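Before any comments, here is the structure.
In the working numbering, the protein residues as written are 18 to 443.
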């Protein structure tokens, strides 16, 4: 029997870079991590990618190749004292390498402490994170580290590792005579979405939970692996980089009027159970992408959001499906989005932003003596409540931010805008 309480994924962790599965863009002849090993010098690096993709495995492999012991620190659970203990033996001559898991969760005091140690050259770090470091890690720490993005492991690579685990009698499952039904390893490798750890642990559960005598062969069927895996892993935890990619794909599919793709990404978001992010994104879509082409959908979307919050999952998925279909099939207009973007861009120019004196505040004593509000025309005193008057600062008076496209803006807003402009800005 294997004398270890470690799960299979931990036992099968690579000891050198040659054992690492995938990541051919970083590992191999003339690739950066291999070159680092050949140089014998490890500067601070940050590895990021989805869970189970091999971040800790690569750190472990680097430790083996470089012949150096890595200190371990988990930013989610370990204390400042733990960090001090992990770094206390480091010096300029023999810097300590600290593997920092969940590096994006480092507290401000711990970041400051690390920066001081990195500056003096007594440590280097190997950070691991599921979050995009360009968004989640402080610029000071980022600038002192090389950032490497890991790619998802292919299903073929995962299957190869599973086959290796079944044969390995030292760290794997080789001591258990096992027959695997055709297609079972493929099922695991394709239904773990590039997560090697989940695949190995699912295989281990399938083998260990299958009853057999000491010399009997364990028969692993499709039903067995399906039971052990339960359901397909969905890439997109609520806080990780993959989640924002999923939300982005969701919005862009609705914007592109692809109903099926929109429902696909909605189903993935529902699987994660992140109702708040779905609703927030739907409201943004209603204003940003539908907008003036179908103004009624804004209030309809808001009503749908309130309904989902009242009923919750699983029933909320019906309401969400209805609303996603409505938004995807609706005419689209980004006129409002573009208008405020143009207005914002105009502020970055060197134009004078002084507000016309006629629009200045007049509610306080002495305003009249300062000629505040002088020349202002009270719109309610004129037909239809509209009057010719300059509202823009002088340097901006010819700017037009609300720009329509006739093929997209189907409401009567364009007609109203034209009529008002003919009076206000003749």
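We treat Cβ as the ideally placed atom computed from N, Cα and C, and that holds for glycine. Remember, predicted model here, so these are calculated numbers, not experimental data.
Length of the line joining the Cα atoms of residue i and residue j
i	j	result
residue 157	residue 369	36 angstroms
residue 342	residue 176	38 angstroms
residue 14	residue 212	Any answer about residue 14 is impossible in this case: the structure gives the chain only from 18 up to 443.
residue 84	residue 344	57 angstroms
residue 110	residue 159	24 angstroms
residue 314	residue 360	25 angstroms
residue 70	residue 184	22 angstroms
residue 209	residue 219	9 angstroms
residue 129	residue 60	18 angstroms
residue 7	residue 303	Residue coverage of the chain in this structure runs from 18 to 443, which leaves residue 7 outside it and unanswerable.
residue 400	residue 394	12 angstroms
residue 306	residue 381	43 angstroms
residue 286	residue 173	26 angstroms
residue 270	residue 37	35 angstroms
residue 28	residue 188	5 angstroms
residue 24	residue 323	44 angstroms
residue 148	residue 77	20 angstroms
residue 192	residue 186	5 angstroms
residue 133	residue 197	53 angstroms
residue 312	residue 279	21 angstroms
residue 216	residue 75	18 angstroms
residue 334	residue 294	13 angstroms
residue 318	residue 348	15 angstroms
residue 291	residue 337	12 angstroms
residue 68	residue 234	33 angstroms
residue 16	residue 297	Within the shown structure, residues of the chain are numbered from 18 to 443, placing residue 16 beyond reach of any answer.
residue 2	residue 308	Outside the shown range of the chain (18 to 443) lies residue 2, about which nothing can therefore be said.
residue 273	residue 244	38 angstroms
residue 351	residue 264	18 angstroms
residue 190	residue 182	6 angstroms
residue 31	residue 155	30 angstroms
residue 33	residue 289	35 angstroms
residue 421	residue 403	22 angstroms
residue 80	residue 232	39 angstroms
residue 225	residue 22	13 angstroms
residue 96	residue 127	9 angstroms
residue 377	residue 396	15 angstroms
residue 406	residue 365	25 angstroms
Sequence-distant residues of the same chain with beta carbon closer than 8 angstroms to residue i, five excluded per side
i	result
residue 301	268
residue 138	109 and 112
residue 410	368, 369, 370, 371, 372 and 373
residue 299	318, 321, 322, 337, 340, 341 and 344
Sequence-distant residues of the same chain with beta carbon closer than 6 angstroms to residue i, five excluded per side
i	result
residue 20	Residue placement at residue 20 cannot be trusted, given a pLDDT of 48 that sits under 50; the coordinates are not used to answer.
residue 194	234
residue 72	64 and 145
Exposure label - residue i; buried when at least 16 CB within 10 Å
i	result
residue 90	buried
residue 170	buried
residue 92	buried
residue 408	exposed
residue 86	exposed
residue 358	exposed
residue 320	exposed
residue 339	exposed
residue 141	buried
residue 94	exposed
residue 476	In the structure as shown, the chain starts at 18 and stops at 443, and residue 476 therefore has no counterpart that could be examined.
residue 47	exposed
Chain-order list of residues whose beta-carbon lies under 7 angstroms from that of residue i (same chain, five-residue window excluded)
i	result
residue 363	413 and 416
residue 241	223 and 227
residue 276	342, 345 and 346
residue 205	179, 216, 219, 220, 242 and 246
residue 266	282
residue 353	304, 308 and 309
residue 57	83
residue 166	65 and 66
- Query: On the three-pair Cβ rule with 8 angstroms, is the stretch 59 to 77 touching the stretch 37 to 48?
  - Reply: yes
- So, do the stretch 319 to 331 and the stretch 257 to 272 have three or more beta carbon pairs nearer to each other than 8 angstroms? no
- Please go through the stretch 33 to 73 and give each complete alpha helix (DSSP H) segment of 4 or more residues, from N-terminal end onward. 49 to 56
- Are the stretch 120 to 139 and the stretch 92 to 105 touching, with three or more C-beta to C-beta distances below 8 angstroms? yes
- Curious, which full-length beta strand (DSSP E) runs of at least 3 residues does the stretch 164 to 220 contain? 195 to 197
- Segments of 4+ residues assigned as alpha helix (DSSP H) that fall wholly inside the stretch 306 to 378: 313 to 328, 333 to 346 and 352 to 364
- Query: Unbroken alpha helix (DSSP H) runs of length 4 or more, entirely within the stretch 80 to 132: which are they?
  - Reply: 97 to 104
- Would you mind listing the alpha helix (DSSP H) stretches within the stretch 255 to 288 that are 4+ residues and don't spill past its ends, in chain order? 258 to 272
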